[in-house]
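J.: Pasting in a structure now, in structure tokens, and then I'll have a few things to ask.
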């Protein structure tokens, strides 16, 4: 769920829908967060403003205020629904009782990132890619 002016572009949305379908799921967009989470198995939010976007941060905080993940919003999700966030999370994006609550898999997701990064480093050290081939002429 997102405000219409921040909706995922149609070409990306097609990919999301296809991936969901290929794996037995579905994806829908609804600008109303309380409707969007109904029956959901997972509620996921991202940072509203990335590093280096300080100017946009306040504007986005105001724009996304109705999309904050609260325990009340999570109650509307499906039974057993989990909550995810890419971290770092801010209090404007998610309530602490959701972030640290029993439905949260935020830190499990973060732990997977650590293992994935370690595996990638190990792979690159074992069989380093030819970096010049990535840039064509080595520049």
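Residue numbers (the numbering used here): 3 to 141.
Positions of the beta carbon are idealized from the N, C-alpha and C atoms, including for glycine.
Quick one: what's got a C-beta closer than 8 Å to residue 17's C-beta in the same chain, skipping five residues either side?
T.: Mapped onto the chain shown, residue 17 falls at position 15. Contacts found: none.
J.: In angstroms with no decimal places, state the Cα-to-Cα distance between residue 6 and residue 31.
T.: The count along the chain shown starts at 1 and reaches residue 6 at position 4. The count along the chain shown starts at 1 and reaches residue 31 at position 29. For residue 6 and residue 31, the distance between alpha carbons rounds to 10 Å.
J.: Roughly how many angstroms separate the alpha carbons of residue 139 and residue 126, rounded to a whole number?
T.: Within the chain shown, numbered from 1, the residue matching residue 139 stands at position 137. Within the chain shown, numbered from 1, the residue matching residue 126 stands at position 124. Low confidence applies to residue 139: its pLDDT is 48, below 50, so where it sits in the model is not reliable, and the reading given next is rough at best. Looking at the two C-alpha atoms, the distance is approximately 21 Å.
J.: Give me the residue from 65, 100, 20 with the minimum Cα distance to residue 76.
T.: One-based indexing of the chain shown puts residue 76 at position 74. It is 100.
J.: In the DSSP output, what is residue 106 paired with across the bridge?
T.: On the chain shown, residue 106 is found 104 positions in, with the first residue counted as 1. DSSP lists 85 as partners of residue 106.
J.: For residue 12 and residue 23, I'd like the C-alpha separation in whole angstroms.
T.: Working through the chain shown from its first residue, we reach residue 12 at position 10. Working through the chain shown from its first residue, we reach residue 23 at position 21. Using only the alpha carbons, I get a separation of about 16 Å.
J.: Report the option in 92, 88, 106 whose CA atom is closest to the CA atom of residue 115.
T.: One-based indexing of the chain shown puts residue 115 at position 113. Ranking the options by Cα distance to residue 115, first place goes to 88.
J.: Under the DSSP definition of a beta bridge, which residues are partnered with residue 96?
T.: Working through the chain shown from its first residue, we reach residue 96 at position 94. Paired residues: 71.
J.: Where do the N-terminal and C-terminal ends of the alpha helix (DSSP H) with residue 34 fall, by residue?
T.: The sequence position of residue 34 within the chain shown is 32, counting from 1. Run containing residue 34: none; DSSP gives neither H nor E here.
J.: To the nearest angstrom, report how far apart residue 68 and residue 35 are at their CA atoms.
T.: Position 66 of the chain shown, counted from the first residue, corresponds to residue 68. Position 33 of the chain shown, counted from the first residue, corresponds to residue 35. For residue 68 and residue 35, the distance between alpha carbons rounds to 8 Å.
J.: Look at the alpha carbon of residue 141 and the alpha carbon of residue 79, and state the distance between them as a whole number of angstroms.
T.: On the chain shown, residue 141 is found 139 positions in, with the first residue counted as 1. On the chain shown, residue 79 is found 77 positions in, with the first residue counted as 1. Low confidence applies to residue 141: its pLDDT is 48, below 50, so where it sits in the model is not reliable, and the reading given next is rough at best. Each residue's Cα considered, the two are about 50 Å apart.
J.: If contacts are defined as beta-carbon pairs under 8 Å, then residue 83 and residue 105 qualify, I think. What distance do you get, rounded to the angstrom?
T.: One-based indexing of the chain shown puts residue 83 at position 81. One-based indexing of the chain shown puts residue 105 at position 103. Confirmed, about 6 Å.
J.: Closer than 8 Å by C-beta to residue 59: which residues in its own chain qualify, once you throw out the five before and the five after it? Chain order, please.
T.: Here the question's residue 59 lines up with position 57 in the chain shown. Correct list, in chain order: 50, 51.
J.: Go through its chain and collect everything with a Cβ distance to residue 70's Cβ below 8 Å, but skip five positions before and after it.
T.: Position 68 of the chain shown holds residue 70. Excluding sequence neighbours, residue 70 sits near 94, 95, 96, 97.
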